[in-house]
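Quick note: the sequence shown uses the working numbering, first residue 2, plus one each step.
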Amino acid sequence: MKTIQFKIVLSSFLLLVIFSSCTKDSDADYPIAKTTLFAEDFSNASFSDTGWTVYAEQGIKNWSIGSYSGNGYAQMSSYQSGQPVNVSWLISPAFDFDKQDGEKLFFQSCQDGFVKNQDNSLELFVSTDYDGTTFANANWKKIRFTGATQDTKKYLYINSGTLDVSSYTGTVHFAFKYRGTTSQSGGYQMDNFRIFY
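(1) Please return the same chain residues whose Cβ sits closer than 7 Å to the Cβ of D130, not counting the five positions on each side in sequence.
(2) Are the Cβ atoms of S93 and A57 separated by less than 9 Å?
(3) On the DSSP letters alone, give me the boundaries of the beta strand (DSSP E) that R180 sits inside.
(4) At which residue ranges does the region 114-141 contain complete alpha helix (DSSP H) runs of 4 or more residues, listed in the order of the chain?
(5) Going by DSSP, what residue range makes up the beta strand (DSSP E) through S110?
(6) Specify the secondary structure class of S49 as computed by DSSP and reduced to three states.
(7) Report, in whole angstroms, the separation of the C-beta atoms of S110 and Q190, which I expect to be a contact under 8 Å.
(8) Suppose only complete runs of 3+ residues qualify. What are the beta strand (DSSP E) ranges in the region 141-171, listed by chain order?
(9) Along the chain, where does the beta strand (DSSP E) that runs through T54 open and close?
(10) So G67 and V116 are in contact, right, with Cβ under 8 Å, and what is the actual spacing, rounded?
(11) On the criterion of 16 or more Cβ atoms from any shown chain inside 10 Å, does N45 qualify as buried, or is it exposed?
(12) List the whole-angstrom C-beta distance separating E124 from I196, where the pair is believed to meet the contact cut-off of C-beta under 8 Å.
(13) Could you check whether K155 and D113 sit closer than 9 Å to each other, using their CB atoms as the reference points?
(14) Put F96 into one of helix, strand or coil per three-state DSSP.
(15) Return the residue from the list K142, Q81, F108 that minimises the CA-CA distance to G148.
(16) For T51, which residues in the same chain have their Cβ closer than 8 Å to its Cβ, ignoring the five residues on either side in sequence?
(17) Just mark A137 as buried or exposed, buried being the case when its beta carbon has 16 or more other beta carbons within 10 Å.
(18) Measuring only the C-alpha atoms, how far is W53 from F175?
(19) I need the DSSP call for W90, collapsed to helix, strand or coil.
(20) Quick check: what's the CA-CA separation for V127 versus Y198?
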């Protein structure tokens with residue numbers, strides 16, 4: 002009798018251990034941030050209110066702040082620009098990555114339904130030597146992320162994934178680079194930019 006009771010107790014314990022160690026996929030996708038270093042939802046009237054800047058590398062069109070149903074976002078499109086190519090950068094404020102460890106980056110992006118090929122793109126870059134004014138002198142390194150593509154349903158925000166940016170030190174800027182042409186004039190939106198550790 003004691004043997005049967007022992008086996009029941011042991012079996013119950015093993016089941017408890019096995020099932021309590023399982024994690025749902027959603028738990029792994031969204032780690033809990035200990036501290037938020039910076040959060041931007043673009044609810045302000047201008048980029049300069051929170052330290053963002055824009056730079057038109059080609060063409061005259063630049064990023065702007067848009068709003069729909071009370072939700073603010075950053076947006077860029079080359080539609081009706083009149084230039085054959087538009088390349089515009091949205092550059093973040095400076096962040097001091099020497100004050101903490103384990104930095105992560107997260108944001109969301111969507112496209113307006115007119116993005117047709119790679120000539121119409123949204124890319125993310127990072128710089129550790131941008132001085133805040135002289136764009137051409139800075140070195141920018143591309144960071145891969147999950148984002149909206151030509152196959153994504155229009156205006157469906159896609160999570161970037163949690164991007165590990167902890168290998169960068171010193172003064173760090175992030176930048177979103179938009180590219181569009183006369184024939185490829187689809188637009189992108191970016192929102193809910195977060196840096197945490």
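The beta-carbon is built from N, C-alpha and C at its ideal position, and this holds for glycine as well.
Judging by the given coordinates:
(1) By one-based count along the sequence shown, residue 130 stands at place 129. Excluding sequence neighbours, D130 sits near A139, N140.
(2) Position 92 of the sequence shown, counted from the start, is the residue given in the question as residue 93. Position 56 of the sequence shown, counted from the start, is the residue given in the question as residue 57. Going by C-beta atoms, S93 is not nearer than 9 Å to A57.
(3) Looking up residue 180 in the sequence shown gives position 179. Element bounds for R180: 172-182.
(4) none
(5) Residue 110 sits at position 109 when you count from the first residue of the sequence shown. Its beta strand (DSSP E) spans residues 105-112.
(6) Position 48 of the sequence shown, counted from the start, is the residue given in the question as residue 49. Correct three-state label for S49: helix.
(7) For the purposes of this step, residue 110 is taken as the residue at position 109 of the sequence shown. For the purposes of this step, residue 190 is taken as the residue at position 189 of the sequence shown. In this structure S110 is in contact with Q190, their Cβ atoms being roughly 7 Å apart against a cut-off of 8 Å.
(8) Counting only runs of 3 or more, we get 142-144.
(9) In the sequence shown, the residue the question calls residue 54 occupies position 53. Annotation: the continuous beta strand (DSSP E) that includes T54 extends over 54-59.
(10) Here residue 67 refers to the residue found at position 66 when the sequence shown is read from its first residue. Here residue 116 refers to the residue found at position 115 when the sequence shown is read from its first residue. Their Cβ separation, rounded to whole angstroms, is 16 Å, which puts G67 and V116 out of contact at 8 Å.
(11) Counted from its first residue, the sequence shown places residue 45 at position 44. Answer is exposed; the Cβ neighbour count stays below 16.
(12) Taking the first residue of the sequence shown as 1, we reach residue 124 at position 123. Taking the first residue of the sequence shown as 1, we reach residue 196 at position 195. Not a contact, Cβ separation roughly 18 Å.
(13) Taking the sequence shown and counting its residues from 1, the one referred to as residue 113 is at position 112. Taking the sequence shown and counting its residues from 1, the one referred to as residue 155 is at position 154. In this structure, K155 lies closer than 9 Å to D113 by Cβ.
(14) By 1-based counting over the sequence shown, the position of residue 96 is 95. Strand at F96.
(15) By one-based count along the sequence shown, residue 148 stands at place 147. When each option's Cα is compared against that of G148, the closest is F108.
(16) As a first step, residue 51 must be located in the sequence shown, where it is residue number 50. E41, N45, P94.
(17) The sequence position of residue 137 within the sequence shown is 136, counting from 1. Label assigned to A137: exposed.
(18) Along the sequence shown, one-based indexing puts residue 53 at 52. Along the sequence shown, one-based indexing puts residue 175 at 174. Rounded to whole angstroms, W53 to F175 spans 10 Å at the Cα level.
(19) For this step, residue 90 is matched to residue 89 along the sequence shown. If DSSP states are grouped into helix, strand and coil, W90 belongs with the strands.
(20) Translated into positions along the sequence shown, residue 127 becomes position 126. Translated into positions along the sequence shown, residue 198 becomes position 197. Between V127 and Y198, the C-alpha separation is close to 17 Å.
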